[in-house]
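In full-length UniProt numbering, the protein residues as written are 1 to 383.
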């Protein structure tokens, strides 16, 4: 399967000029840039909220830089949580006592301001149990900060690939529940938001986990409103993360709802296998997760070997086969043949209903697994 290069964001290790000035205080009076940003936000939010809109009372709060510096102990190392999209994230405590996550954008300029505006606009107006809640923002001086609800269980990426020694690996039931929640969030953006929204940047680091491993999509700086009228796609500059990008988007810049479906399929493969979407150390140049998984499906002896070793065999082979089938339908090269997110949600709801119980023995599992394998292999032929 061929893949065109997908131009990602700046590497975490890259420092911007603003990184060295994090601790410097902004001007006491807002400059022209911050005035323009606030004016744009007020105008966009005002135009986007109708008279009968329930979200009119939930627009983001404007914070001063001093308030957020106090909340995070001046953005000290002890408050640092990690790197989010376009900035560093700190744990903070507001004057009200609420625990929050504060993202400080680490670069300035037109593109940075654009992404800041998009994220504030999107998350101020879109409310769903599987989308992270934006509490407020700061656009004072050159500072661009976003304040979110705090997600105590961190990101899915940390729970899959950077697991700390004292934490337990995610079990099969939890993995399927997380995938189902992410699918619900995407389905809301595609089919319930008005206008529809293409998320464009689904990946494990952008799926945050609340209490009970409840998943929420975060980082909406790259989100785009979907095509309207008779258009089938949105043409845009290619942005995203290598290993997740749909091939047609990476090659042509044509963005559709099915681009999000592809990235969901990659995340589902990630949950099933415990492997990264892109790993340059994988043998035989199968650096892409999708390319690595393909031959495994054709080997009867290695089919179960697709599952994350950390699961230690604690999963239903029937559910494994079904989950692989859903993932592989999502990552078909032909965008038109991929399912819609509504269809994906239906399949994921079925998977979450089939909870793994090691004490329960299901008769005919081997026969059913052979049928599942045959159906999955036929899916690969169509890719």
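Just so you know, even glycine gets a beta-carbon here, dropped at the ideal spot from N, CA and C.
Boundaries (first-last residue) of the alpha helix (DSSP H) holding residue i
i           : result
residue 249 : 247 to 252
residue 175 : 172 to 191
residue 319 : 317 to 330
Residue i versus residue j: straight-line alpha-carbon distance, rounded
i           : j           : result
residue 308 : residue 265 : 16 Å
residue 397 : residue 147 : No answer is possible for residue 397: the residues shown for the chain start at 1 and end at 383.
residue 326 : residue 267 : 11 Å
residue 243 : residue 288 : 6 Å
residue 390 : residue 330 : Lying outside 1 to 383, the shown extent of the chain, residue 390 is not represented and no answer is given.
residue 204 : residue 359 : 31 Å
residue 106 : residue 123 : 20 Å
residue 339 : residue 258 : 8 Å
residue 81  : residue 63  : 20 Å
residue 139 : residue 145 : 7 Å
residue 61  : residue 134 : 9 Å
residue 302 : residue 328 : 17 Å
residue 315 : residue 172 : 6 Å
residue 143 : residue 296 : 49 Å
residue 199 : residue 189 : 7 Å
residue 130 : residue 216 : 4 Å
residue 132 : residue 249 : 26 Å
residue 182 : residue 120 : 20 Å
residue 251 : residue 180 : 29 Å
residue 194 : residue 256 : 16 Å
residue 221 : residue 192 : 20 Å
residue 72  : residue 202 : 28 Å
residue 341 : residue 312 : 30 Å
residue 335 : residue 290 : 15 Å
residue 318 : residue 115 : 42 Å
residue 344 : residue 357 : 24 Å
residue 247 : residue 254 : 10 Å
residue 321 : residue 223 : 32 Å
residue 83  : residue 272 : 25 Å
residue 67  : residue 127 : 25 Å
Three-state secondary structure assigned by DSSP to residue i
i           : result
residue 132 : coil
residue 342 : helix
residue 215 : strand
residue 83  : strand
residue 154 : coil
residue 259 : helix
residue 92  : strand
residue 62  : strand
residue 350 : helix
residue 359 : coil
residue 76  : coil
residue 113 : helix
residue 17  : Confidence is the limiting factor: at residue 17 the pLDDT is only 42, short of 50, which leaves the residue's position unreliable, though a coordinate-based value still follows. Here residue 17 sits in helix by DSSP.
residue 159 : helix
residue 314 : coil
residue 166 : coil
residue 127 : coil
residue 71  : helix
residue 303 : coil
residue 33  : Bear in mind that a pLDDT of 49 at residue 33, under 50, signals an unreliable position, so the model cannot answer this.
Neighbour-count burial assignment, residue i, 16 or more Cβ in a 10 Å radius
i           : result
residue 99  : exposed
residue 155 : buried
residue 95  : exposed
residue 185 : buried
residue 152 : exposed
residue 280 : exposed
residue 175 : buried
residue 277 : buried
residue 88  : buried
residue 226 : buried
residue 165 : exposed
residue 113 : buried
residue 349 : exposed
First through last residue of the beta strand (DSSP E) which encompasses residue i
i           : result
residue 145 : 145 to 149
residue 103 : 99 to 105
residue 209 : 207 to 209
Any non-hydrogen atom of the ligand GDP within 7 Å of residue i CB
i           : result
residue 122 : The ligand GDP is not among the ligands present in this structure, which contains no ligands whatsoever.
Those residues which DSSP pairs with residue i across a bridge
i           : result
residue 244 : Paired residues: none, contrary to the question.
residue 224 : 198
residue 288 : 278
residue 137 : 62 and 146
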